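In what follows, a single structure is set out as structure tokens and then discussed.
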Amino acid sequence: LLIPQYTSLVADQREYPLPQDILSRIKRVEAKLDGTNWLKLDEFDMTEYTDPLYNESDITDHFANEEGEAYYDILRKSIKIYSGTITDVTNGLRVWCNTWPTAITDLSSTTDMSQDPSTTTHGVPREMHEIWARGVIIDWKSSREKPIPLTEQELNYKVDLMEAVNSLKHANLDREVIGRLPDASDRGDDGFEY
46 LLIPQYTSLV ADQREYPLPQ DILSRIKRVE AKLDGTNWLK LDEFDMTEYT DPLYNESDIT
106 DHFANEEGEA YYDILRKSIK IYSGTITDVT NGLRVWCNTW PTAITDLSST TDMSQDPSTT
166 THGVPREMHE IWARGVIIDW KSSREKPIPL TEQELNYKVD LMEAVNSLKH ANLDREVIGR
226 LPDASDRGDD GFEY
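Each residue of the sequence shown is one higher than the one before, starting from 46 at the first, in this note's numbering.
This is the structure:
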């Protein structure tokens, strides 16, 4: 469900609203701070920064438009950029985030709901089709004047929903996380006294 969302950079503007269709998390933020080349912005927490960040000169004195010196922070429902001077750049801010699937507007359509309608939107993943239909059935049964009892499978809806959502996560199984211990000489006595 990861789709890049683009916003134009505006001269001397630091804060940009998050995309309206954001589902949960930001994966990456990039900006064309030099007007041409994409630069990855690192996450920044202003509460851990001791110098003042009150005005534009405070920010440009401490940050730059170079890798490792440009950052973003999430404030309210927006992204604030800490960098050198910002100039006008059409579609110069790219936020990679999980977004809601495109709303289905034609229930008589024969197009597979999992097909992406465009390069900037996505359909409803196949893993969610059956669980979504089951959710509609549960809502319908519960809305009756005399609610209709749910089946065992319908009662297990939340567990199955989480399984379906989890099946969409971690698509890259090639990634490795390797923990390393310090050299024996750096570990001291490993908690033992001689």
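Beta carbons are placed, not taken as given, at the ideal position from N, Cα and C, and that holds for glycine.
Bear in mind the structure is a predicted one, so any value in this text is a computation, not a measurement.
*In whole angstroms, what is the alpha-carbon distance linking residue 152 and residue 205?*
Each residue's alpha carbon lies about 24 Å from the other.
*Residue from 138, 179, 209 with nearest C-alpha to residue 123*: Per the C-alpha coordinates, the member of 138, 179, 209 positioned closest to residue 123 is 138.
*Nearest-angstrom Cα separation, counted from residue 72 out to residue 223*: Rounded to the nearest angstrom, the two C-alpha atoms are 21 Å apart.
*Measure the beta-carbon distance from residue 79 to residue 110 and round it to whole angstroms, keeping in mind my assumption that it falls under 8 Å.*
6 Å
*If you scan the segment 67 to 127 from start to end, which runs of the beta strand (DSSP E) of 3 or more residues do you find wholly inside it?*
67 to 76, 84 to 88, 116 to 120, 123 to 127
*State the Cα-Cα distance for the pair residue 49 and residue 63, rounded to the nearest angstrom.*
12 Å
*Rounded to a whole number of angstroms, what is the C-alpha to C-alpha distance between residue 92 and residue 184?*
43 Å
*Can the beta-carbon of residue 127 be found closer than 7 Å to that of residue 89?*
yes
*Start-end ranges of the beta strand (DSSP E) lying completely within the segment 142 to 206, minimum 3 residues*: none
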